[in-house]
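Taken in order, the first sequence gives residues 2 to 273; the numbers are from our numbering.
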Amino acid sequence: MPELPEVETIRQNLRRGGATLPSILGWNVESAQVLWARSLVMPGVDEFKRRLIGQQVVDIGRRGKFLIVELSKDALLIHLHMSGDLVVEENREPVATHCRVAIEFENGQRLAFIDARKFGRLWLTAEKETILSDLGPEPLDDAFQAQDLYRRLHAHRRRLKPLLLDQTFLAGLGNIYADEALNLARLHPLMLSNQVSAADAERLWRAIRAVIEEGIQRNGASIDWVYRGGEFQNYFRVYQRTGQPCRECGEAIQRIVIGQRSAHFCPNCQRL
DNA sequence: ACGAGCGCCTGTCGGC
DNA sequence: TGCCGACAGGCGCTCG
Numbered sequence: 002m003p004e005l006p007e008v009e010t011i012r013q014n015l016r017r018g019g020a021t022l023p024s025i026l027g028w029n030v031e032s033a034q035v036l037w038a039r040s041l042v043m044p045g046v047d048e049f050k051r052r053l054i055g056q057q058v059v060d061i062g063r064r065g066k067f068l069i070v071e072l073s074k075d076a077l078l079i080h081l082h083m084s085g086d087l088v089v090e091e092n093r094e095p096v097a098t099h100c101r102v103a104i105e106f107e108n109g110q111r112l113a114f115i116d117a118r119k120f121g122r123l124w125l126t127a128e129k130e131t132i133l134s135d136l137g138p139e140p141l142d143d144a145f146q147a148q149d150l151y152r153r154l155h156a157h158r159r160r161l162k163p164l165l166l167d168q169t170f171l172a173g174l175g176n177i178y179a180d181e182a183l184n185l186a187r188l189h190p191l192m193l194s195n196q197v198s199a200a201d202a203e204r205l206w207r208a209i210r211a212v213i214e215e216g217i218q219r220n221g222a223s224i225d226w227v228y229r230g231g232e233f234q235n236y237f238r239v240y241q242r243t244g245q246p247c248r249e250c251g252e253a254i255q256r257i258v259i260g261q262r263s264a265h266f267c268p269n270c271q272r273l
């Protein structure tokens, strides 16, 4: 369940408390379990467990699709990749089948990293910037304006869809929100980035922000067995709507493969 | 610079 | 019913 709006929903829940997760601010780590070592990028299992003990959760942040658990000494970065999720539960409950890492707190609760496909990754580090430094702009940041997007698009000659998925170009978009944004902006996913006009770029900039904001407002999207809690899946314009009528013109939504990922678009509204 | 192919993993679904 | 391929919200790597 991992694109910017889903990660942001988790961030807000872990920070302020919410429908699916309580606030974990101020909680003190008592111990940690690592059930799948490869979920850790750094440090190794032993040091990970040792260093976490005694640290307090100070804040919860986000950069792109990275969740940032700010601790008293380190930051715990979590990337959910395809199937990752976080739950808070009682320490004495048995760990879930797909639990890969569990962080246990002195108050008897634990934060469990659940990840069926084992693609998700965690970093415990005092230097989070090293890991985050390659990320592109944050789409909702006030500093990110339409002209910036235009300039960045023209700095490349790439097809729009794969470019929007490139986290060094823009941080946070994944397959759902990239397809949704391109449709809302009426741009074809195969269009070359240096061919967009200033007006195209402005529409795309607005569309990216609009779909992300709507995703956050609806608590993200829940699809299949992976994630639950969000409602945005009920409002998709094109994603996974192959063959269904475009909400604007009635034309059948098409699915093509670009860069080994599916891309959904309206062949009438989004022309090359 | 860019894109294709592949690897990492498990689960679900549709077709036969 | 069982098997088998396609597909899944991501990304790092190599190679041409």
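Each residue gets a CB set at the ideal place from its N, CA and C atoms; glycine is no exception.
query                                                                                                                                                      : result
Could you give the C-beta distance for P163 and G65, rounded to a whole number, given that I count them as a contact under 8 Å?                            : Not really, about 17 Å apart at Cβ, beyond 8 Å.
Using a Cβ-Cβ cutoff of less than 7 Å, which residues in the same chain neighbour R272 once the five nearest sequence positions on both sides are dropped? : H189
Between I254 and C247, how many whole angstroms is the CB-CB distance? I'm expecting something under 8 Å.                                                  : 6 Å
Express the C-alpha separation of A208 and C270 in angstroms, rounding to a whole number.                                                                  : 14 Å
W206 lies in the alpha helix (DSSP H); which residues open and close that run?                                                                             : 199-218
Return the CA-CA distance between E203 and A186, expressed in angstroms with no decimal places.                                                            : 9 Å
Anyone know if the C-beta pair for L87 and F114 falls short of 8 Å?                                                                                        : yes
In the structure shown, what three-state DSSP assignment does L5 receive?                                                                                  : helix
Cα separation between Q57 and V89?                                                                                                                         : 16 Å
Suppose you measure from the CA of M83 to the CA of W226; what does that come to, to the nearest Å?                                                        : 12 Å
What span of residues does the alpha helix (DSSP H) with Q148 cover, start to end?                                                                         : 147-155
The alpha helix (DSSP H) spanning R51 covers which residue range?                                                                                          : 46-53
Within this structure, are the beta carbons of G244 and P6 separated by less than 8 Å?                                                                     : no
Could you work out which residue in T169, P23, N184 is closest to R238 when comparing CA atoms only?                                                       : N184
Which value, in whole angstroms, describes the spacing of the CA atoms of D116 and D201?                                                                   : 38 Å
Using beta-carbon positions only, say whether A103 and G137 come within less than 8 Å of one another.                                                      : no
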